[in-house]
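Engineer: The structure's right below; bear with me while I get my questions together.
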Amino acid sequence: MRTATDIANMTCDFLDVDPIGNIDTDRSGMGKAMRRNYDEAVDTVIREFSWNCATTRVELSEMVLPGHFHSDHTDHQKAYALPPDCLGVIDINGRPIKEVTHAVEAIAIYDGNGKLVSRRTAILCDDGPTIIVRIKARISPADMDPHLAKAVAIELAMRCVMKATNSTQKMQMLEGMYRDATRGSVQRVGGFQTSSRENNAKAARRYPSTGARARAGSI
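Okay, structure coming up:
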């Protein structure tokens with residue numbers, strides 16, 4: 005079963021440095037650098053592209069909005085809280101997100117004394133009372149296919165290359181490898197989802213509201 009340490013050691017191979025013992029406990033300079041950058045490397049690669057293994061459909065229920073809520077970005081007043089593992093929305097009810105008028109906002113929930121209780125990231129649109137969204141979701145190393153795991157390892161290498169080798173040439177090499185690993189060619193169709201209209205056979209998981217965010221791309 006693939007682990008974060010396995011991906012970190014793949015990064016070490018790309019950097020031509022010795023492998024680490026465990027990304028969570030390694031006390032070497034490289035171990036600490038990869039530990040600091042690992043989570044953001046994963047999020048960045050998943051945000052930038054739509055990987056089949058990191059794509060899922062979720063059924064969202066309309067939120068009960070607080071009385072003070074008002075949107076400055078859209079006239080839509082229906083909001084749906086996004087799951088905490090959501091790194092981007094691909095489509096809403098089967099329509100590519102770029103074709104749907106929407107907004108994504110952090111909605112603040114306050115108690116009766118005006119104290120902030122929570123802040124929920126939500127998507128606003130005209131559909132409802134429930135919608136099905138296809139999202140890019142944060143996943144564990146064990147759930148990554150080989151293409152995504154390699155892209156994460158290269159991204160992590162780019163974040164650590166100057167500490168490891170202080171080589172701009174190595175950085176340029178890694179940038180080229182990253183482009184190759186994420187180009188979505190025929191050879192990588194299993195890892196890179198090129199069409200937002202591609203059928204997703206997985207049933208939508210329900211994510212009820214409680215009532216009460218890379219280098220590129222956004223939710």
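Residue numbering for the sequence shown follows the working numbering, starting at 5 and increasing by one per position. Backbone N, C-alpha and C fix where the C-beta goes; we use that ideal spot for every residue, glycine too. Remember, it's a predicted structure, so these values are computed and weren't measured experimentally.
Tell me whether the beta-carbon of L178 lies closer than 7 Å to the beta-carbon of I158.
Structural biologist: Taking 7 Å as the Cβ cut-off, L178 and I158 qualify as a contacting pair.
Engineer: Closer than 6 Å to a non-hydrogen atom of the ligand GDP - does that hold for the CB of R163?
Structural biologist: In terms of ligand content, the structure shown is empty, and the ligand GDP therefore cannot be addressed.
Engineer: With a threshold of 8 Å, are at least 3 pairs of Cβ atoms found where one atom belongs to the stretch 22-40 and the other to the stretch 60-70?
Structural biologist: No, they do not touch.
Engineer: The beta strand (DSSP E) that contains T134, what's its start and end?
Structural biologist: Segment T134 to A141, the beta strand (DSSP E) holding T134.
Engineer: Give the straight-line distance between the Cα atoms of N117 and R124, rounded to the nearest whole angstrom.
Structural biologist: Answer to the nearest angstrom: the Cα atoms are 19 Å apart.
Engineer: Looking at the secondary structure, which residues open and close the alpha helix (DSSP H) in which R163 lies?
Structural biologist: From DSSP, the alpha helix (DSSP H) with R163 extends over P150 to A168.
Engineer: Do three or more CB pairs link the stretch 134-154 to the stretch 45-62 at distances below 8 Å?
Structural biologist: Because the criterion of three Cβ pairs below 8 Å is met, the stretch 134-154 and the stretch 45-62 touch.
Engineer: Can you tell me whether R51 is buried or exposed? The criterion is at least 16 other CB atoms within 10 Å of its CB, across all chains shown.
Structural biologist: So R51 counts as buried.
Engineer: Using the beta-carbon count (16 or more within 10 Å), is N13 buried or exposed?
Structural biologist: The residue is buried, with at least 16 neighbouring Cβ atoms inside 10 Å.
Engineer: Can you check whether the CB of V21 is closer than 7 Å to the CB of A168?
Structural biologist: Contact: yes.
Engineer: Which ranges would you report for the beta strand (DSSP E) in the stretch 85-125 if only whole runs of at least 3 residues count?
Structural biologist: Correct list: 90-96 and 107-114.
Engineer: Looking at the structure shown, is R6 part of a helix, part of a strand, or coil, going by DSSP?
Structural biologist: Correct three-state label for R6: coil.
Engineer: Using the Cα positions of A153 and G98, report the straight-line distance between them to the nearest angstrom.
Structural biologist: Taking the straight line from one Cα to the other gives about 28 Å.
Engineer: Mind checking whether V46 and V156 have CB atoms under 7 Å apart?
Structural biologist: Result yes, Cβ atoms of V46 and V156 sit closer than 7 Å.
Engineer: For G132 and K82, which I take to be in contact (beta-carbon distance under 8 Å), what is that distance rounded to the nearest angstrom?
Structural biologist: Their Cβ separation, rounded to whole angstroms, is 5 Å, which keeps G132 and K82 in contact under 8 Å.
Engineer: Closest by CA to H151, which one among R163, P23, R187 and L120?
Structural biologist: Ranking R163, P23, R187 and L120 by Cα distance to H151 puts R187 first.
Engineer: Who are the near neighbours of D115 in its chain, counting only those whose CB is closer than 7 Å to its CB and skipping five residues on each side?
Structural biologist: Contacts found: V121.
Engineer: Please state the DSSP three-state secondary structure of R187.
Structural biologist: R187 falls in the coil class under three-state DSSP.
Engineer: Return helix, strand or coil for I127, following the three-state DSSP convention.
Structural biologist: Note: I127 maps to strand in three-state DSSP.
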